[in-house]
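*Asks:*
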Amino acid sequence: MTGLSQIDIIVIVLYAIGIFGLAQWVSREKAGHAKNTSDYFLASKSLPWWAIGASLIAANISAEQIVGMSGSGYALGLAIASYEWMAALTLLIVGKYFLPIFLKNHIYTMPQFLEQRYGKTLPVIMAVFWLALYVFVNLTSIIWLGSIAVNKVAGVDQNVALVVLGAFALLYQLYGGLKAVALTDIVQVTLLVMGGLIISYLTLNEISGGQGVLAGFSILTERVPGHFDMILEPDHPFFKDLPGIAVLVGGMWIANLSYWGFNQYIIQRALAAKDLGEAQKGVIFAAFLKLLMPVIIVLPGIAAVVLAPDLAKPDEAYPMMMQLLPPGLLGLVFAALIAAIIASTASKINSIATIFTLDLYAKARGISTHAEDGAGATDQEKHLVLVGRLAAAFAVVVALLTARPLLGNSDQAFQFIQEFSGFFTPGITVIFLLGLFWKRANEAGAIAAALASVLLSYAFKIGMPDFPFMNRMGLVRRPSATTGVPHRSRISRPR
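The sequence shown maps to residues 92 to 586 in our numbering.
Here is the structure:
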């Protein structure tokens with residue numbers, strides 16, 4: 092690896108200073124006004140559609156997505172893009188059917204919806220679960236894979252890269268909260284898309300020997316035709332990860348509905364919308380952007396099979412392809428990668444702080460969490476914002492300490508995340524779908540569904556270790572869904 096040139100470093104430093112300054116500026120307060128919980132955790136419920144759409148993508152497309160999914164493209168091919176294209180369809184479902192209910196009931200968090208719908212026990216269980224998942228799986232994976240990219244491209248020690256990425260993301264959103272994250276995400280996503288398109292262009296042009304993108308793509312499909320199979324056959328070495336047609340009709344729907352519909356750090360952006368119309372337009376914008384992601388993420392990974400066939404680990408594919416970039420342009424694309432890492436890390440940090448503060452701490456202290464939008468902060472409101480900031484800092488420290496032990500030996504971190512999450516997503520999906528659309532579901536049944544999801548998934552994993560986890564999610568969903576019992580809903584639904 093050659094590292095970064097002086098001009099690359101200048102570009103990256105200018106980006107870091109600019110985005111940090113912009114985050115503080117857009118989230119500044121008027122004289123005499125202190126942030127309350129609505130300001131800090133939901134951006135005063137003032138986000139326009141373009142900020143919502145960009146922030147949804149920025150929260151989603153991080154190091155785990157860029158480095159990890161590109162690595163999966165290197166290992167198994169275009170079939171991994173099923174996650175992206177099916178996500179676009181899922182977003183439309185979320186906007187049409189889920190958001191009207193969530194926004195009508197004025198919730199801040201997903202556990203708050205569960206409390207309104209079911210009772211007080213389930214929200215606490217799920218809040219603890221989500222905190223563990225976000226800190227030990229999501230946050231660790233983002234900064235770990237981000238540190239790999241920084242190490243491979245810039246030659247920076249990986250431990251140093253871990254600390255710098257985590258600290259910058261924390262400081263970037265610590266004062267401004269969700270508004271600082273969301274209103275700067277449009278810059279981050281623009282840089283990400285531009286950088287991704289540039290690297291895809293250069294990799295294909297390199298394959299063609301300077302004959303252009305179309306020639307390079309044609310050569311790529313001829314050299315590695317198996318990497319362009321969207322439906323994997325049972326004898327494919329990665330059938331366990333993407334089990335053929337079942338991907339399109341089975342478990343991936345469970346994963347996508349859980350991730351895009353009931354996931355705090357995703358849905359929080361829509362909850363911060365000015366109104367339902369803005370939220371739905373933002374979701375549509377995000378769905379459009381998802382259609383572009385395979386071109387800027389998966390394609391470079393497939394190209395690396397031809398350009399760098401002997402990589403030690405698939406997750407090295409994207410950083411290796413970045414080495415094709417000339418000085419200056421490398422700095423720009425590297426800044427785009429850093430932008431994705433920082434934006435997504437900041438999103439997770441803010442959601443961790445939101446759930447801990449509003450669903451655990453405030454409940455334990457008996458503090459009201461619903462401030463009036465635009466109202467000044469009471470002493471209790473100021474206290475909750477402070478607690479949120481402290482929780483954010485603590486989460487980052489824990490993630491930094493556990494990233495290497497948890498992910499240091501993983502070859503495909505993206506697939507690791509999907510399989511681990513798959514132990515819980517069937518139960519989560521069942522709990523929310525029954526809560527949204529079936530009046531007779533109750534808390535005891537919902538808790539049973541959550542436990543059944545974990546226990547059955549674990550039984551499949553131990554008893555049938557080669558059974559595709561995507562199929563496992565589809566099968567586990569069915570018995571989990573049978574646990575609802577008669578109960579009258581306490582939550583209003585749109586007419």
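The beta-carbon is built from N, C-alpha and C at its ideal position, and this holds for glycine as well.
If we call anything under 8 Å between Cβ atoms a contact, is Pro191 one with Asp450?
*Replies:* Going by C-beta atoms, Pro191 is not nearer than 8 Å to Asp450.
*Asks:* Here's a check: name, in chain order, each residue in its chain whose Cβ is nearer than 8 Å to the Cβ of Gln91, leaving out the five neighbours to either side.
*Replies:* Absent from the model: residue 91. The displayed extent of the chain is 92 to 586, so no value can be given.
*Asks:* Would a check of beta-carbon distances place Leu348 closer than 8 Å to chain B?
*Replies:* The chain labelled as chain B is not found in the depicted structure, where only one protein chain is given.
*Asks:* Closest to Ile100 by CA distance: which of Lys136, Tyr174, Ala245 and Met217 is it?
*Replies:* It is Ala245 whose Cα lies nearest to the Cα of Ile100.
*Asks:* Buried or exposed: Ile110, going by 16 or more other Cβ atoms within 10 Å of its Cβ?
*Replies:* Looking at its Cβ environment, which holds 16 or more other Cβ atoms inside 10 Å, Ile110 is buried.
*Asks:* Check whether the Cβ atoms of Ala437 and Trp235 lie closer than 8 Å to each other.
*Replies:* Against a cut-off of 8 Å, the Cβ pair of Trp235 and Ala437 comes out as no contact.
*Asks:* Going by DSSP, what residue range makes up the alpha helix (DSSP H) through Asp276?
*Replies:* From DSSP, the alpha helix (DSSP H) with Asp276 extends over Leu269 to Ile298.
*Asks:* What does the alpha-carbon distance come out to for the pair Phe330 and Gly554?
*Replies:* C-alpha separation (whole angstroms): 18 Å.
*Asks:* At 3 residues or longer, what runs of the beta strand (DSSP E) sit wholly inside the segment 378–453?
*Replies:* Correct list: empty.
*Asks:* What number of angstroms, rounded off, separates the C-alpha of Ala484 from the C-alpha of Ala172?
*Replies:* Cα to Cα, the separation comes out at about 34 Å.
*Asks:* For Leu323, which three-state DSSP category applies?
*Replies:* The answer is coil: DSSP assigns Leu323 none of H, G, I, E or B.
*Asks:* Let me make sure I understand the geometry here. Which of Ile519, Gln302, Asn533 and Ala486 has the alpha-carbon closest to that of Asn229?
*Replies:* Here the closest residue by C-alpha is Ala486.
*Asks:* Can you grab the Cα-Cα spacing for the pair Arg563 / Ser96, in whole Å?
*Replies:* Cα to Cα, the separation comes out at about 48 Å.
*Asks:* Just checking, does the segment 165–184 make contact with the segment 371–390 on the three C-beta pairs under 8 Å criterion?
*Replies:* Yes, the segment 165–184 is in contact with the segment 371–390.
*Asks:* Is DSSP giving Leu86 helix, strand or coil here?
*Replies:* Since the first residue of the chain shown is 92 and the last is 586, residue 86 is not available in this structure.
*Asks:* Using the Cα positions of Phe511 and Gln302, report the straight-line distance between them to the nearest angstrom.
*Replies:* Each residue's Cα considered, the two are about 43 Å apart.
*Asks:* Which first and last residues belong to the alpha helix (DSSP H) in which Asp130 is found?
*Replies:* Its alpha helix (DSSP H) spans residues Thr128 to Leu133.
*Asks:* In the DSSP assignment, find the alpha helix (DSSP H) that holds Leu498 and state where it starts and stops.
*Replies:* Looking at the DSSP string, the run of the alpha helix (DSSP H) that includes Leu498 is Asp470 to Leu498.
*Asks:* Among Leu542, Ile393 and Leu262, which residue has its Cα nearest to the Cα of Pro405?
*Replies:* Considering only alpha carbons, the answer is Ile393.
*Asks:* Any idea if Phe379 is buried or exposed, counting beta-carbon neighbours within 10 angstroms, 16 or more meaning buried?
*Replies:* Exposed is the call here.
*Asks:* Would you please state the rounded distance, in angstroms, between the beta carbons of Phe376 and Gly144? I believe it to be under 8 Å.
*Replies:* Sure, about 3 Å apart at Cβ, within 8 Å.
*Asks:* With a Cβ-Cβ cutoff of 8 Å, do Ala541 and Gly518 count as a contact?
*Replies:* Yes.
*Asks:* Of all the options Leu205, Gln115 and Ile103, which has the alpha carbon lying nearest to the alpha carbon of Thr520?
*Replies:* The shortest C-alpha separation from Thr520 is found at Leu205.
*Asks:* What are the partner residues of Ala364, as DSSP defines its beta bridges?
*Replies:* Ala364 pairs with Leu138.
*Asks:* Within 10 Å of its beta-carbon, does Gly287 have 16 or more other beta-carbons around it, so buried, or fewer, so exposed?
*Replies:* Buried, since its Cβ has 16 or more Cβ neighbours within 10 Å.
*Asks:* Drop a sphere of 10 angstroms on the beta-carbon of Ala444, count the other beta-carbons inside from all chains shown, and report buried for 16 or more, exposed for fewer.
*Replies:* Buried: at least 16 other Cβ atoms inside 10 Å.
*Asks:* So, helix, strand or coil for Ala532, using DSSP?
*Replies:* Three-state result, Ala532: coil.
*Asks:* Nearest-angstrom Cα distance between Ser299 and Ala403?
*Replies:* C-alpha separation (whole angstroms): 25 Å.
*Asks:* With distances taken between CB atoms, is the gap from Ser291 to Leu390 smaller than 8 Å?
*Replies:* Yes, the pair counts as a contact, with Cβ atoms nearer than the cut-off.
*Asks:* Please report the Cβ distance between Thr275 and Ala114, rounded to the nearest whole angstrom; I am assuming they are in contact, meaning their Cβ atoms lie under 8 Å.
*Replies:* Confirmed, Cβ separation roughly 5 Å.
*Asks:* Helix, strand or coil for Leu95 per DSSP?
*Replies:* It is coil, neither helix nor strand.
*Asks:* Which value, in whole angstroms, describes the spacing of the CA atoms of Asn347 and Phe227?
*Replies:* About 20 Å.
*Asks:* What ranges does the beta strand (DSSP E) occupy inside the segment 208–246, keeping only unbroken runs of at least 3 residues that lie completely in it?
*Replies:* DSSP runs (the beta strand (DSSP E)) wholly in the segment 208–246: none.
*Asks:* Can you grab the Cα-Cα spacing for the pair Glu297 / Ala218, in whole Å?
*Replies:* Each residue's Cα considered, the two are about 48 Å apart.
*Asks:* What is the DSSP secondary structure of Tyr356, counted as helix, strand or coil?
*Replies:* Tyr356: helix per DSSP, three-state reduction.
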